[in-house]
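A.B. asks:
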Amino acid sequence: MRVTFARVSRAEWGKLTALRSTWVVFAAAALITVGLAGAINWNVYRQPGAEVSEPLLLAQSFLGIDVISLVLGVFGILLITGEYSSGLIRATFAAVPRRAPVLWAKALVLAAVAVPVMLAVCAASLAVAEFFVPDGQRIPLGDLPVGALLGAAAAPVSLALIGVGFGAMLRHTAAAITVYVLAMLVLPALIQPALPESVADDVLRYVPVAAAQAMYSVDTGNPFEMLTPGTAALVMTGWVAAALVGGTAVVLRRDP
Amino acid sequence: MIEVDGLTKRFGDAIAVDGLSFTVRPGQVTGFLGPNGAGKSTTMRMIIGLDRPTSGTALVDGLPYRRHTAPLRVAGVMLEGRALHRGRTARAHLLGLARTHGIPAGRVDEVLTEAGIADVADRRAGGFSLGMGQRLGVAAALLGDPAVVILDEPVNGLDPDGVLWIRTMLKELAARGRTVLVSSHLMSEMAVTADHLLVVSRGRLLADTTVDELIERSGAGRCLVRSPDADRLHEALAAGGATVTRPEPDVLEVSVLSGPEIGATAAAHGFVLHELTPRRASLEQAYMELMAA
């Protein structure tokens with residue numbers, strides 16, 4: 009009998025799936041994403057002669073991803089801060105006094121639940137969108153880029169993992185959510201006016217929210233040039249790693 | 047066995063634990079006494095590695111708690127206040143801890159039964175009463191069948207049944223060779239449960255002794271004297287340095303002087319005594335005296 013990372017992960021899996029709120033959040037995320045995809049595409053294609061193209065269809069189908077990315081980000085935060093506010097963290101760390109494996113297991117388990125759910129949600133969004141495309145103009149689902157589907161599923165998951173890191177760094181729910189929203193949404197909005205025009209866009213491309221969107225965007229001819237999906241995935245991996253490393257450092261250093 | 051050596055914890059300028067050194071031995075119940083804010087909880091948190099000591103060491107079964115590969119087998123802990131998510135059932139809560147060690151689900155059922163909460167095992171812990179929450183906390187502490195059991199104020203919020211259950215359980219654990227450290231501010235409870243006592247105040251150790259010795263050592267004992275010559279005996283005893291109160295006209299309560307000294311004083315003056323009863327101090331009196339010193 010000993011503590012192993014596999015066992016800590018098994019424990020965290022059980023803890024996550026035993027909470028009703030986990031399923032409420034994922035059900036809500038699914039409804040929002042698929043519902044928005046349906047509503048937008050219905051609205052676009054009820055007008056005769058609406059343009060049908062791959063980039064437009066993807067953009068119209070994945071609009072909800074931006075919304076649920078924040079929802080999942082907050083969910084990631086609560087995964088950690090909920091343990092601190094309930095006092096459970098003391099029992100958890102008494103069982104796993106090395107602490108860091110708990111944080112990593114939580115991140116791993118969140119990804120393990122969220123990735124398949126988001127893949128299904130994104131696929132369903134595309135299917136619903138296709139339903140509203142006029143007959144004869146449908147793009148077969150198999151012809152749509154798989155990368156965009158994977159990217160759309162990965163974007164909210166990576167923002168949720170950044171949330172886990174923020175939760176571990178700040179430990180209080182309200183503080184963590186505030187700082188997360190400031191860092192993810194407000195800070196990028198300030199970059200544009202604060203930096204010289206020549207570099208603002210270059211910086212902006214790399215902020216988490218922009219990189220997350222770039223993972224599932226197809227070039228639409230927008231003047232703002234996003235990262236390519238591959239680069240964006242690497243950048244997001246870096247952000248997730250940075251948030252989790254920061255969270256680990258705080259968890260190890262500060263008394264719970 | 048818990049070995050604490052020079053344990054110190056500062057929070058900024060405040061010093062919560064100030065150079066504590068003691069050993070908690072297996073096979074007996076050790077009571078951890080002291081007023082609120084004396085540093086009992088902080089000490090317990092440092093023993094299980096939740097708080098990092100400013101200096102000093104705490105070893106559990108020979109190693110710092112963090113270095114054990116199966117910590118729940120080594121020490122089971124219930125700290126003050128709840129440590130559970132309101133949305134999970136009692137069973138899910140315990141499974142979440144058990145799985146980190148590969149403790150089988152059957153053991154979860156065992157401790158649920160042992161704690162008397164098997165019938166509410168599948169109810170969300172958020173709806174638990176204070177007493178049920180305490181029982182779940184104790185169940186969690188027992189999960190790994192640990193060699194060392196550390197409980198912070200375990201009888202808080204328990205009904206008389208629960209208090210008796212804790213008392214019996216602690217004694218059984220000690221009888222089975224476990225090391226038991228339990229804090230409480232209920233002296234009457236400690237007097238019947240604990241074999242050994244650690245008394246702390248403002249982060250310092252005031253006493254490391256047995257219950258009997260602490261009471262013996264305190265001067266809080268008094269004698270009840272019944273005499274038809276109470277008036278004159280009162281004067282004679284007071285002259286001899288005793289502190290005397292008089293609850294009834296023919297009854298004196300005498301402290302400072304011992305029973306034999308009171309008897310000798312009475313005999314020397316030829317006073318008649320109807321009763322001379324030594325009254326042992328309660329643990330509470332001995333404790334209060336220690337605190338006042």
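If you read the protein sequences in the order shown, they are chains A and B.
Just so we're aligned, residue 9 is where the first sequence starts under our numbering, counting upward by one.
Just so we're aligned, residue 47 is where the second sequence starts under our numbering, counting upward by one.
Glycine included, every Cβ here is placed at the ideal spot set by N, Cα and C.
All values derive from a computational prediction rather than experimental measurement.
(1) Given that Val120/B touches chain A, what residues does it touch there, using C-beta distances under 8 Å?
(2) Could you check the C-alpha separation between Arg91/B and Leu125/B for me, to the nearest Å?
(3) If distances are taken between C-alpha atoms only, which option among Pro72/B, Leu279/B and Asp277/B comes closest to Lys217/B?
(4) On a Cα-Cα basis, can you pick out the residue from Thr12/A, Met223/A and Gly57/A that is closest to Leu118/B?
(5) So is Arg222/B buried or exposed if we call it buried at 16+ other beta carbons inside 10 Å?
(6) Just the Cα atoms here: how many angstroms apart are Thr88/B and Phe57/B?
(7) Could you tell me which chain E residues have their CB closer than 7 Å to the CB of Gly133/B, listed as they occur along the chain?
(8) Is it right to say Phe139/A is buried, meaning 16 or more other beta carbons lie within 10 angstroms of its own, or is it exposed?
(9) Any beta-carbon of chain B closer than 9 Å to the one on His175/A?
(10) Here's the rule: buried if 16 or more other CB atoms are within 10 angstroms of the residue's CB, otherwise exposed. What is Glu281/B?
(11) Please specify which runs of the alpha helix (DSSP H), each continuous and at least 4 residues long, are wholly inside the segment 55 to 107 of chain A, giving them in chain order.
(12) Residue range of the alpha helix (DSSP H) that Ala156/A falls in?
(13) Report buried or exposed for Met9/A, applying the criterion of at least 16 other Cβ atoms within 10 angstroms of its Cβ.
(14) Give, in chain order, every residue of the segment 96 to 123 of chain A whose Cβ lies closer than 7 Å to some Cβ of chain B.
(15) Mind listing the chain A neighbours of Arg112/B? Cutoff is C-beta to C-beta under 8 Å, in chain order.
(16) Does the segment 213 to 224 of chain A come within contact of the segment 109 to 129 of chain A, defined as at least 3 CB pairs closer than 8 Å?
(17) Check whether the segment 189 to 204 of chain B touches the segment 245 to 260 of chain B, counting contact only when three or more Cβ pairs, one atom from each stretch, lie closer than 8 Å.
(18) Name the DSSP beta bridge partners of Pro324/B, please?
(19) Apart from the five residues on each side of it in sequence, which residues of its chain come closer than 6 Å, Cβ to Cβ, to Gln200/A?
(20) Taking all protein chains shown into account, do 16 or more other C-beta atoms lie within 10 angstroms of the C-beta of Trp31/A, making it buried, or fewer, making it exposed?
(21) Closer than 8 Å by C-beta to Lys157/A: which residues in its own chain qualify, once you throw out the five before and the five after it? Chain order, please.
(22) Helix, strand or coil for Glu199/B per DSSP?
(23) Across the segment 267 to 275 of chain B and the segment 314 to 325 of chain B, are there enough close Cβ pairs to call them in contact, namely three or more that are closer than 8 Å?
(24) Kindly indicate which residue of Phe174/A, Asp210/A and Arg179/A has the alpha-carbon position closest to the one of Ile97/A.
(25) Whose CA, out of Lys86/B, Glu235/B and Ala171/B, lies closest to the CA of Gly208/B?
(26) For Val253/A, which of Pro109/A, Leu27/A and Ala99/A has the nearest alpha-carbon?
(27) Report the option in Pro63/A, Leu66/A, Gly173/A and Leu65/A whose CA atom is closest to the CA atom of Ile85/A.
(28) Can you check whether the C-beta of Thr103/B is within less than 9 Å of a C-beta belonging to chain A?
(29) Considering only the beta carbon of each residue, do Val106/B and Ile94/B sit closer than 9 Å?
(30) Under 9 Å Cβ-Cβ, which residues of chain B neighbour Val16/A?
(31) Pick out the complete alpha helix (DSSP H) segments inside the segment 158 to 237 of chain B, 4 residues or longer, and give them in chain order.
(32) Which chain A residues are close to Ala116/B, counting only those with a beta carbon under 7 Å from its beta carbon?
(33) Here's the rule I'm using: 16 or more other beta-carbon atoms within 10 Å means buried, otherwise exposed. How should Asn51/A be labelled?
(34) Reducing DSSP to helix, strand and coil, say where Phe13/A ends up.
(35) Tell me which residues share the same chain as Gly80/B and place their Cβ nearer than 7 Å to its Cβ, disregarding the 5 neighbours each side in the sequence.
(36) Using the beta-carbon of each residue, which ones in chain B are nearer than 7 Å to Gly254/A?
C.D. replies: Let me spell this out:
(1) Here the premise fails: no neighbours, minimum Cβ distance about 10 Å.
(2) 8 Å
(3) Pro72/B
(4) Distance check between Leu118/B and each of Thr12/A, Met223/A and Gly57/A places Thr12/A closest, using alpha-carbon atoms only.
(5) Around the beta carbon of Arg222/B, a 10 Å sphere encloses fewer than 16 other beta carbons of the protein chains shown; the residue is thus reported as exposed.
(6) 11 Å
(7) You won't find chain E in this structure, because its protein chains are A and B.
(8) exposed
(9) According to the sequence shown, residue 175/A is Gly rather than His. Not closer than 9 Å to any Cβ of chain B, the Cβ of Gly175/A fails to qualify, so no.
(10) exposed
(11) 62 to 69, 71 to 94 and 96 to 103
(12) Val154 to Leu178
(13) Met9/A counts as exposed, since fewer than 16 other beta carbons sit within 10 angstroms of its beta carbon.
(14) So the close ones are Leu96, Arg98, Ala99, Phe101, Ala102, Ala103, Val104, Pro105 and Arg106.
(15) Pro105 and Arg106
(16) no
(17) no
(18) Checking the DSSP bridge columns, you'll see Pro324/B partnered with Cys269/B.
(19) Ala208
(20) exposed
(21) Position check: residue 157/A holds Leu in this sequence, whereas Lys was assumed. Excluding sequence neighbours, Leu157/A sits near Leu127, Cys130, Ala131, Leu134 and Tyr224.
(22) Coil, per DSSP.
(23) yes
(24) Arg179/A
(25) Ranking the options by Cα distance to Gly208/B, first place goes to Glu235/B.
(26) It is Pro109/A whose Cα lies nearest to the Cα of Val253/A.
(27) Gly173/A
(28) no
(29) In contact: Val106/B and Ile94/B (Cβ atoms closer than 9 Å).
(30) Arg145 and Thr146
(31) 176 to 188 and 206 to 221
(32) Met9, Arg10 and Val11
(33) exposed
(34) Residue state, collapsed to three classes: helix.
(35) Lys86, Val245, Val246 and Ser247
(36) Per Cβ cutoff of 7 Å: no residues; Gly254/A is ~19 Å from chain B at best.
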